[in-house]
Every structure is written in C-alpha cells, then in structure tokens.
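*Asks:*
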Amino acid sequence: MAAAVSLWPRTEPLLLGALPVPPPARLGPHYLRKMAAYTRARAAEGCYPRLSWPRWRYIACDKLQLGRDLAWLYFERFHGLLPPPDPPRRLQRAEAEAACGNGEELERERGKLAVDTLRFLLFLYLQQLNKASLRTSLIGEEWPSPRARAAGLPGRAAGQSKNWNDQDHLAFVLTHLPDMLELLLEPEQLSASSHATHNSLVSYEAVCALSFLIEGTVNNSRTIHPLHELALWQPCHGQNGYSESSKTFSFPKLENWLRSCLIINPFGMTACLRSGKKLAWAQQVEGTTRRAKIACNTRVVPEVSPMVIMSQVYKQTLAKSSDTLVGAHVRIHRCKESFIYLLSPLCSVTIEKCQNSTFVLGPVEASVHVHSCDNVKVITVCYCLSLSSTTGCTFHILTPTQPLILAGNQAVSFAPFHTHYPMLEDHMAQVGLATVPNYWDSPMLLCKEGSDASVFRLLSPLDFYTFVIPFEMEGDTTETPGGLPHAYQKALNQREQKVQIWQKMVKKACLTKDQRKQLQMLVESKFQEWLIQTGNRQQLDSLIPPAVGAKQAAG
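Numbered by full-length UniProt numbering, the letters in the sequence shown go through residues 1 to 555 in order.
1. Would you report the Cα separation of VAL202 and GLU182, rounded to the nearest angstrom?
2. Taking LEU433 and PHE417 to be in contact with their CB atoms under 8 Å, please state how far apart those CB atoms are, rounded to whole angstroms.
3. Report the option in ASN163, LEU124, SER460 and LEU511 whose CA atom is closest to the CA atom of LYS490.
4. Pull up the distance between the alpha-carbon of ASP179 and that of THR39, whole angstroms please.
5. Restricting to runs no shorter than 4 residues, where is the alpha helix (DSSP H) found entirely within the segment 243 to 324?
6. To the nearest angstrom, how far is it from the Cα of SER275 to the Cα of PRO437?
7. In whole angstroms, what is the alpha-carbon distance linking THR358 and LEU113?
8. What are the boundary residues of the beta strand (DSSP E) that includes GLU352?
9. Am I right that PRO23 and LYS162 are in contact with their C-beta atoms under 8 Å? What's the rounded C-beta distance?
10. Going by DSSP, what residue range makes up the alpha helix (DSSP H) through GLY103?
11. First and last residue of the beta strand (DSSP E) that includes ARG119?
12. Under 7 Å between the Cβ atoms of THR435 and PRO403?
13. Work out the CA separation of VAL304 and GLY28 for me, nearest whole Å.
14. Roughly how many angstroms separate the alpha carbons of CYS447 and LYS507, rounded to a whole number?
15. Assuming contact is defined by CB atoms lying nearer than 7 Å, are MET428 and PRO485 in contact in what I supplied?
16. Spell out the partners DSSP gives PHE414 in its beta bridges.
17. Alpha helix (DSSP H) containing GLU365: first to last residue?
18. Taking the beta carbon of VAL330 as the centre, do at least 16 other beta carbons fall within 10 Å, making it buried, or is it exposed?
19. Could you give the distance in angstroms between the alpha-carbon of GLN312 and the alpha-carbon of ARG334?
20. According to DSSP, simplified to helix, strand and coil, what is LYS131?
21. Rank LEU511, SER250 and PRO235 by C-alpha distance to the C-alpha of VAL241 and give the top, closest one.
22. Whole angstroms are fine: how far does the CA of GLU425 sit from the CA of SER321?
23. Could you compute how far the alpha carbon of THR11 sits from the alpha carbon of GLN167?
24. Please report how far the alpha carbon of PHE75 lies from the alpha carbon of HIS420, in whole angstroms.
25. Which one or two residues does DSSP pair with PRO226 in a beta bridge?
26. Measure the alpha-carbon distance for LEU51 versus MET473 and round it to whole angstroms.
27. Given a threshold of 16 other Cβ atoms within 10 Å of its Cβ, counted over all protein chains shown, does ARG516 qualify as buried or as exposed?
28. Between the alpha carbons of ILE294 and MET310, how many angstroms are there, rounded?
29. If we ignore side chains and look at the alpha-carbon of each, how far apart do PHE78 and ASN493 end up?
30. Taking just the CA atoms, how far does LEU106 sit from PHE471?
31. Could you tell me how far apart the beta carbons of ASN219 and ALA4 are, in whole angstroms, since I believe they sit closer than 8 Å?
32. So which of LYS513, HIS396 and PHE414 has the shortest CA-CA distance to THR466?
33. Return the first residue and the last residue of the beta strand (DSSP E) that LEU113 is part of.
34. Answer yes if the segment 48 to 63 comes into contact with the segment 11 to 21, meaning at least three C-beta pairs across the two stretches below 8 Å, and no otherwise.
35. Taking all protein chains shown into account, decide if THR394 is buried (16 or more other Cβ within 10 angstroms of its Cβ) or exposed.
36. Could you say which of SER211, ARG222, TYR383 and SER221 lies nearest to LEU232 if we only look at CA atoms?
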C-alpha cells in the first residue's frame, strides 16, 4: 500500500501575516503578477531572488501607489514572520533603529534588510484573505456558516475571524492555488496573458517558496515536513510531475497533487476545539452561573505552537504563568466584566467581542489584535498591535511598531505601558522585545473615517495611574521596563507629593483618638465607594484564593 501524503495551510502566515482588513486594490492578483515579472527582470538591481527594502519601497510607492508607511508595514510584517525566531537579532535591530537620529539614518538602517522575493509575493497575495466580497456583503455576516456548523465551529455570528478559521484557510488556498502558483513561475513559463499553460514548468525554488504557506506529513505521522521535502519524495513524483533531470514540476500535475493532498490543519483551532485539553484556570465566583470555556491543543508536535482558546469568562479573575502559554497563540472570546492575567511570553493574542474587562499580557512576540470589544483595557509589551470595531478601549502598550487602527473604532485611548511583574524582563528577552524604540503614541490609521482626534487620543497624564499586578512570582524585574515618559512620571510625582502633604496635615492636626477613628472610617468609606464605582471591588473579591496565600501557581 502506497504511503499517503497529507498537506495543509500553515497557521502562522494566515493568522499573523494577513492583515485583518481588505487590502488596497493595487495588491490584487493583476498587479502582483506585474510585480513578479518586474522583480525577475531586475534581478541585478536587488529585486530577485531577494528583494531589498529600497527596491520594495520604490515598487510599492512608485508602481503600486502605496504610501511609504504602508509599504514598510507589509515589509516589516513579513520580515517578522520569517523562521526561525531569533530574539537576539531582533534586539540588535531594535537597538540599531533606536540609535538613528533622523529619518535619513533610519532609512539607511532599514536599507540593510532584504527578504525572499517569491515568499514575499505570496505574503502580499495572502492579504486577499480578508478581501470583502459582494456575496458576503449582500448575505450579511450574521448568518452562521453551514460548513462551520458541520465542523462544530462557531459560525460568523460567534465572531469567527478568517484569520483564526482553519476552514477559511483551506478554502482560500484551494480557491487561489492557480494564481499563487503563477506568481512563482518564471516569465518564459507564462503565456502572453501572464497565465500558466499545460506545458508550464514549476521550478524547485518556487515549490520551496510555497513551503512558506504549506506543510504536511506522511501517513498521519507527527513529524511535520515543509512542502518541498514532501514534493521531492520519490513515490510522489508520478503524481506531481517532478523531473529529476530538469528539477522542475509539471504545473497541472503539481496543482492536482496539491489539491488531492490538502486537508484542514490537523493541529489548528478546529482540532483544539474538538479534542483539545480542557483547562480549569479560573476560580468560580459565588453567584456566577456561567463557567469559562478554556481549551488548549497542547504541544502535540514540537514544530507547532500551542493554541489556547478562552471563551465566556464572566465576572472572574483568571491568572496564569505557565509552560502551557509559552509561545502560544491565544484567542480570548466573549469575556465580560473580568480580569485576565496571562503572565508568560506569548506568540499572538486575539481578543474578540469582550466587554468591560482588563487583560494583562506577558510579552507578545508577534501580534495583538482586538476586535469588536467595548470598554476593555489591554496592558502589554508586544511586537505589533491592531484594533478594529472597538469602542471606549484603552491600550497601555510598549511596542516597536506603530499601532494599527483599522475600521470602525471610536474613543480609543493610548497610554504608556505602566506595570511590571518579576519575570517580565526575562520574558521580553525570550521574544526579542526591547524598551526602545517605543511607538505607543504614534498609531497609524489604515481606514480614514474622520479626523484622527475623533478616533483616538493619548491618555492625559492627569488620568494616569500605575497598575499593580497582585501576584507573587520569582524574578528580578522590580519596575516598569524603560520607565515612564516625563509628563506621566511628573504627574505621578505630583500626586505622591499631595498624599505626603495630606499625611503631614493629618499628623499636625493633633486629632484625638475618636477624631482619628472618625477620619479613618470616612476614608475607608470613600475608598469602598471608589472600589465599587471602578469595578476594582469585584477584582479584589475574586482574588481571594481557596487556600491561604495568593502565590501565583505555575503549571
């Protein structure tokens, strides 16, 4: 019996690489085919087989009519996806960028960067994942998908984004496979209309590039191989049309072989929901009838990042610092009136349809995306942040990239990162995040829906307070990494001075024992009122552990 090859779309390019916004029209297939031909024709100018930042900037700005900031966004986002992760190199890059004194020096520093041309073309094509379709706009997103229901997945009504949906990943690859293969062909293999013919041949280098998007295994084993290794496997040559003499594949045979082998990612979110390990992190609060749904696919194979899915955490304080979270893709969905602490180095975090909640995250290596949330506070160090359809949300962040404001946001507030926990700096080093550069106060609006002032503001120093993480852990970090901007530190110092002045006044007042008792009762009463008004009373109540001590448990 012949061995069976199974292939599937890799999670990271679609989850992290495809921006959750419709792409510019100039990044459509027609223009990308033109770009593919242009880069090959100018190989000697730094366009192929590796594309330098200056050449991409020229193509994006002068040929595709994209803005320079958007051109850099795509280039940087792709560069951040490249395996293997290299935290020391990322830290070196951050240090070099922070040392640049002006825009000209920054451009020279970025000019040292180059990416694989063919893989970058595929990355740009992946932006079509969130392209708005006429059919979708007519039907409406509120109808659950029968395909999703059959698989036991929440439909569109549950806020399922395409970036997190394995079935959408598979459907996208199957639908657009011919276009993506044609992007990778050498010009002489294309017809006059820039399409493949029956005789077109696909180079081995092109299949290597496609490994950016597709991986697989043999006989359902737990050893994952990149596509190009499986395509070279001798038993597959008859099906995918590989010729050892020319080191090329027949275009129609390769396409048919890929279609016949492609399946839903067996280690993705679908598997996590169906058979993932159920986790019980949250202490149930008295009077709460809803129980949080938390699942993890665990580390089924070393090559796959774990996935953690949390849903319907309601009026709870949930805290975790654990190996389960290290390097995980986390999806937090439909949580209300809760405080969630995930104090480990994470890979990515998506927060969807949450309300009146606070999320304190360990350093996030890739991206944090917040969608359809109301009145949530996110506190994190992250490589990049994006938000869409949010109202009244506040982001205390430290990030080396500009926060991306997509469509549908109102009353967004940005503020400096303002907390710490003992392992924070160690965790930042693990994912390659430094304290500089820090663009927390320089968001980029990708969807213009009015003036910048109507969409976001920087939190006033007068409204700024530090945040204390109420758990004990081992570690050396004792203050906010990088400190606070001068205006915010000054506001804190002035507030502290007022407290000291008030304490001196009380001391000099020479109050009697009964007067001191009366004053203490009044202060405690006002403090309790403040706790209730701000929602902090609920957090303090839910922090009471079942056993003595509030020590943070790992496991």
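For every residue, glycine included, the Cβ atom is placed at its ideal position computed from N, Cα and C.
Small disclaimer: the values here were computed from a predicted structure and weren't measured.
*Replies:* The answer reads as follows:
1. 9 Å
2. Between PHE417 and LEU433 the Cβ distance is about 11 Å, and since that is not below 8 Å, they are no contact.
3. SER460
4. 17 Å
5. 251 to 261 and 269 to 275
6. 41 Å
7. 37 Å
8. 346 to 352
9. Actually they do not touch by this definition, with Cβ atoms about 13 Å apart.
10. 103 to 110
11. Run containing ARG119: none in the beta strand (DSSP E); it sits in the alpha helix (DSSP H), 117 to 126.
12. no
13. 31 Å
14. 56 Å
15. no
16. PHE395 and LEU458
17. Segment 364 to 371 is the beta strand (DSSP E) holding GLU365; no alpha helix (DSSP H) there.
18. buried
19. 5 Å
20. coil
21. Rather than Val, the amino acid found at residue 241 in this sequence is Gly. The candidate whose alpha carbon is nearest that of GLY241 is SER250.
22. 14 Å
23. 11 Å
24. 31 Å
25. GLU215
26. 45 Å
27. exposed
28. 4 Å
29. 42 Å
30. 40 Å
31. 6 Å
32. HIS396
33. Premise fails: LEU113 is in no beta strand (DSSP E) and is neither H nor E.
34. no
35. buried
36. SER211
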